[in-house]
Amino acid sequence: MVSSTEYGSHTWELLLTVDHQYEGVEKEFKLQVTGDLHVGGLMLKLVEQIKIAQDWSDYAFWWEQKKCWLLKTHWTLDKCGVQADAKLIFTTQHKMLRLRLPNMKTVRLKVSFSSMVFRAVSDICKMLNIRRSEELSLLKQSEGTLKKKKKKDKNSKEPATEDILNLCNSPVSSGLPANPGLYSKTMTPIYDPVSGSPASSTITWFSDGSLNEQNCSILALSHPTCSPEVLAEMYQPRTLADKAKLNAGWLDSSRSLMEQGVLEEDQLLLRFKYYTFFDLNPKYDAVRINQIYEQARWAILLEEIDCTEEEMLIFAALQAQYHVSKLSLSSETQDSICESEVDEVEAALSNLEVTLEGGSKSNILEDITDIPKLADNLKLVRPKKLALKAIKTYWFVFRDTSISYFKNKESAQGEPIEKLNLKGCEVVPDVNVAAKKFGIKLLIPVADGMNEVYLRCDNEDQYARWMAACVLASKGRTMADSSYQPEVQKILSFLQMKNWTMCSQAASEPENVDMKPECFVSPRYTKKFKSKQLTARILEAHQNVSQMSLVEAKLRFIQAWQSLPEFGLSYYIVRFKGSKKDDVLGVSYNRLIRIDMATGDPITTWRFSNMKQWNVNWEIRQVAIEFDQNVSIAFTCLSADCKIIHEYIGGYIFLSTRSKDHNETLDEELFHKLTGGQE
Numbered sequence: 068m069v070s071s072t073e074y075g076s077h078t079w080e081l082l083l084t085v086d087h088q089y090e091g092v093e094k095e096f097k098l099q100v101t102g103d104l105h106v107g108g109l110m111l112k113l114v115e116q117i118k119i120a121q122d123w124s125d126y127a128f129w130w131e132q133k134k135c136w137l138l139k140t141h142w143t144l145d146k147c148g149v150q151a152d153a154k155l156i157f158t159t160q161h162k163m164l165r166l167r168l169p170n171m172k173t174v175r176l177k178v179s180f181s182s183m184v185f186r187a188v189s190d191i192c193k194m195l196n197i198r199r200s201e202e203l204s205l206l207k208q209s210e211g212t213l214k215k216k217k218k219k220d221k222n223s224k225e226p227a228t229e230d231i232l233n234l235c236n237s238p239v240s241s242g243l244p245a246n247p248g249l250y251s252k253t254m255t256p257i258y259d260p261v262s263g264s265p266a267s268s269t270i271t272w273f274s275d276g277s278l279n280e281q282n283c284s285i286l287a288l289s290h291p292t293c294s295p296e297v298l299a300e301m302y303q304p305r306t307l308a309d310k311a312k313l314n315a316g317w318l319d320s321s322r323s324l325m326e327q328g329v330l331e332e333d334q335l336l337l338r339f340k341y342y343t344f345f346d347l348n349p350k351y352d353a354v355r356i357n358q359i360y361e362q363a364r365w366a367i368l369l370e371e372i373d374c375t376e377e378e379m380l381i382f383a384a385l386q387a388q389y390h391v392s393k394l395s396l397s398s399e400t401q402d403s404i405c406e407s408e409v410d411e412v413e414a415a416l417s418n419l420e421v422t423l424e425g426g427s428k429s430n431i432l433e434d435i436t437d438i439p440k441l442a443d444n445l446k447l448v449r450p451k452k453l454a455l456k457a458i459k460t461y462w463f464v465f466r467d468t469s470i471s472y473f474k475n476k477e478s479a480q481g482e483p484i485e486k487l488n489l490k491g492c493e494v495v496p497d498v499n500v501a502a503k504k505f506g507i508k509l510l511i512p513v514a515d516g517m518n519e520v521y522l523r524c525d526n527e528d529q530y531a532r533w534m535a536a537c538v539l540a541s542k543g544r545t546m547a548d549s550s551y552q553p554e555v556q557k558i559l560s561f562l563q564m565k566n567w568t569m570c571s572q573a574a575s576e577p578e579n580v581d582m583k584p585e586c587f588v589s590p591r592y593t594k595k596f597k598s599k600q601l602t603a604r605i606l607e608a609h610q611n612v613s614q615m616s617l618v619e620a621k622l623r624f625i626q627a628w629q630s631l632p633e634f635g636l637s638y639y640i641v642r643f644k645g646s647k648k649d650d651v652l653g654v655s656y657n658r659l660i661r662i663d664m665a666t667g668d669p670i671t672t673w674r675f676s677n678m679k680q681w682n683v684n685w686e687i688r689q690v691a692i693e694f695d696q697n698v699s700i701a702f703t704c705l706s707a708d709c710k711i712i713h714e715y716i717g718g719y720i721f722l723s724t725r726s727k728d729h730n731e732t733l734d735e736e737l738f739h740k741l742t743g744g745q746e
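Residue numbers for the sequence shown follow the numbering used here, beginning at 68 and rising by one.
Structure follows, in structure tokens:
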């Protein structure tokens, strides 16, 4: 006979594995448990069995079969679904991880493997003194990029130990409410005399900052570039399909590292995922600005983003100026940096912020009776068959978000030949300053695709005014918007950097400058030019940027990167519903672009500002989006999980809600609502 107490207990045996480093100490334990035992009680019973005196507070149960953590210690085993066949591992939540930063430096630090990736990235950024952690995420290198690397160099190894910045002894977040790491405008920054930017000041606004000044300087300063041989061995995307591989490995921000198969001592890439760099401040963002600069620099060197030869030489000149300034500054003894110099850089930052469909609105009421307009003679270029182009001069009038053109100025009072609504269009610069070519390519959405229109301006000033108006109109804004004049100035500034051929001063003698030009341009241009030719051309371009400070050279580089037509586009191979062929989808901070995979030409653009709702059918992995005017699209993603695109869209919508006027603490719950999904 079985007693009633034994019969009612329903005990069963559970196998538990303890992940500890003690040799000769047992790792597997069998405990008699009941379904109403809570997880915390199971931990207590296990620790009593282990009989090792140590701090077990960072340990938790990892359920191997279900790939999930049992973090709710008040839940019973029945509620968790744990039964006798469950394999539970009692292991640390914080483990060592190697991160490859945008500047290609590897850091080794302790990271939470049980927190959602969004929170883990926030903790990582606190350790590295990078504000606005919501702009970054973790990326697993796709197999395609790694295979090509191995083919090119079978002997290539992981970075040598001496190249790894070891932060394993740094204080880490231990699950307690983290210090938000916000800066105060009344704080006095400590300027770094070498970099011209206050690298060490960032330490003061993180109470748990883990970097000493030396380590902070390593992350806040750009270091000598790699050799052309090393550059040639790195993965360089040749096609849109190759570029799509670069974005396939983003981790899910709503799940932990362990849940996504990341193991201790694995290497991941820490990258800026969202190209909306909000509230850049050189007083507090030395590391952040440098890492953005480095991500931009490597994207250009590895041709992840396309640019013209003229633009490549500007980027090379700005890199050269940065290293020349750094060498000259390090050879001098400077005890302080002039406050006005930092103020000038802060003023330049107003042009660098990218926000979703415009940022802060001006409080000044605009005079609605005086709507700004542009009126000028421009050339209209229409592509024709047999590669011929029809070029004709018309009188153009730009008002609100539309362009109208007439036969001449006198007929402007009548009906226009054509009226083009630019809202939602793609605006692509077509400029060659040396050849005096100032073109604007407009791709205007129509029912069956995109209508191409080319405008040709006579000079830089005219181009800057019309280009700025087109860029704003594409976002649904007029020239009355407060951002119009800064946009004009930004375009003129970029053109001025390109205008080195007009400079009467001769370029410095290549022999007098210790320069390796192959380190500043992509491999395509090293093959095209001899070393001396390349040096001479970079020095020519360098004349217009030779007076810039270290920080200004970095900020101008970022600004020039943002001016490229492909800036901020992340590519994915998709199949649209009803289509028989694959297309490429470009995801940007304010729009989605459907691109022809064979030609690379945009087919259609949809702006987030016109989006009503989006959802995912998790069963068939299909993303469906509804826009204004009864426009709806649906597609499946072929080059990555559809969750990645879903998170991109939700993430950009989330980032558009940020404001300097609000408390800077992030609404993490809102982020997960917009990006998490219901799988």
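Even for Gly, the Cβ is constructed at its ideal location relative to N, Cα and C.
In the three-state reduction of the DSSP assignment, Gln680 falls in the strand class. Take Leu559, set aside five residues on each side of it, and the residues of its chain with a beta-carbon closer than 8 Å to its own are Glu527, Asp528, Ala531, in chain order.
When beta bridges are read from the DSSP output, Phe505 appears opposite Val498, Cys524. Around the beta carbon of Trp685, fewer than 16 other beta carbons lie within 10 angstroms, which makes this residue exposed.
By the Cβ criterion, the stretch 322 to 332 is not in contact with the stretch 166 to 174, since fewer than three pairs of Cβ atoms, one from each stretch, lie closer than 8 Å.
Shown here for Phe634: same chain residues with a beta carbon closer than 8 Å to its own, the five before and five after excluded, namely Tyr342, Ile372, Trp628 in chain order.
A contact is defined here as three or more CB-CB pairs under 8 Å, and the stretch 329 to 338 fails this definition with respect to the stretch 591 to 609. Per DSSP, Thr78 lies in no alpha helix (DSSP H) and is assigned neither H nor E. In the DSSP annotation of this structure, the continuous segment of the alpha helix (DSSP H) that includes Pro295 starts and ends at 295 to 300.
Taking all protein chains in view, the Cβ of Asn611 is crowded by 16 or more other Cβ atoms within 10 Å, so the residue is classified as buried.
Taking the CA atoms as reference points, Thr545 sits about 8 Å from Arg466. With fewer than three CB-CB distances shorter than 8 Å, the stretch 296 to 305 does not count as touching the stretch 693 to 710. Between Glu201 and Leu737, the C-beta gap is not smaller than 7 Å, which leaves the two residues out of contact. Residue state for Gln626 is assigned as helix, using DSSP reduced to three classes. Taken through DSSP and simplified to helix, strand or coil, Thr593 comes out as helix.
In this structure, Tyr715 lies away from Tyr656, with their beta-carbon atoms at least 7 Å apart. Nearest to Trp123 by C-alpha distance, out of Phe505, Phe157, Leu631, is Phe157. Under a 10 Å Cβ-count criterion, Thr159 is classified as buried, with 16 or more other Cβ atoms of the shown protein chains found around its own Cβ. Taking 7 Å as the cut-off, the Cβ atoms of Ile458 and Lys446 count as close. Sorting Ile700, Phe624, Ile687, Leu631 by C-alpha distance to the C-alpha of Arg661 places Ile700 at the top. Under the criterion of beta carbons closer than 8 Å, Val500 and Glu377 qualify as touching, at roughly 7 Å.
Val106 is not a Cβ neighbour of Leu81, given a cutoff of 7 Å.
Between the alpha carbons of Lys583 and Thr602 lies a distance of about 8 Å. The shortest CA-to-CA distance from Met379 to any of Asp86, Leu606, Val85, Phe96 is the one to Leu606. Distances from the CA of Glu482 to each of Val464, Pro496, Cys492 were compared; the closest alpha carbon is that of Val464.
Rounded to the nearest whole angstrom, the C-alpha separation of Trp462 and Tyr472 is 5 Å. Looking at the DSSP output, Tyr461 bridges to Leu445. According to the DSSP assignment, Trp673 belongs to the beta strand (DSSP E) that extends over 669 to 674. A direct Cα-to-Cα measurement between Met301 and Lys503 gives close to 36 Å. Close CB contacts of Leu636 within its chain, under the 6 Å cut and outside five residues either way in sequence, are with Gly653, Ser655 (chain order). Exposure of His290 is indicated by the presence of fewer than 16 other C-beta atoms within 10 angstroms of its C-beta.
Bridge partners of Glu95 according to DSSP: Thr84.
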